[in-house]
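In the numbering used here, the protein residues as written are 1 to 212.
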């Protein structure tokens, strides 16, 4: 259980409304001229964030055999399933329009009333005001809510291991160890309904070692 921080809720320093003069990411099938229309983004914290939660378990064994004084080894298998991970909506990705779970976070061709209600009381950057974007023949294409949201989930499993040896000699102690972690699974779902991504199939290293 991890409650959202003030930086992600009411204390976010990046809370603002940004106006961009064009819209690079438009919905498939919409006229190409929509790219020339401005878009509005809402940035900052979200007071309605839920806590991030996790189901975890681990099981391990430590071995210090009496027949080998100074030798020790351990192996632990663990699992972490994270839910409600705090993140942002990918406004520049085509997936924004194809996944129903993202639908509450954008408003296509918003009316003036919608724009004023969604941006009320916030600092506007890139325009004199949100209202000034309307009535000049090129109303905004979309409003994107990029404030922090509970979106992703992550399922990780792995093995932690260590082998060490210590021996006391007349002149001091001699010791050495090898320890590391090996990932068995690392699946991320960026939002409910999205395809699960196997991060181990990309550039995420599976094994990390430390030698002392």
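Glycine is no exception: its CB is placed at the ideal position from the N, C-alpha and C atoms.
Nothing here was measured: the structure is a model prediction, and the numbers come from that model.
Item	Value
Proximity of residue 104 and residue 39 at Cβ, strictly below 8 Å	no
Cβ shell of residue 137 (< 6 Å), same chain only, five flanking positions each side left out	none
Nearest candidate by alpha-carbon position, reference residue 162, set 84, 189, 147 and 77	77
Any 3 or more C-beta pairs closer than 8 Å across the stretch 144-156 and the stretch 104-113	yes
Those residues which DSSP pairs with residue 169 across a bridge	172
Whether residue 86 touches residue 102 by CB criterion (8 Å)	no
Coarse secondary structure for residue 43, derived from DSSP in three states	strand
Three-state class that DSSP yields for residue 139 in the structure shown	coil
Identified DSSP bridge partners for residue 105	DSSP, once it has assigned bridges, lists no residue as partnering residue 105.
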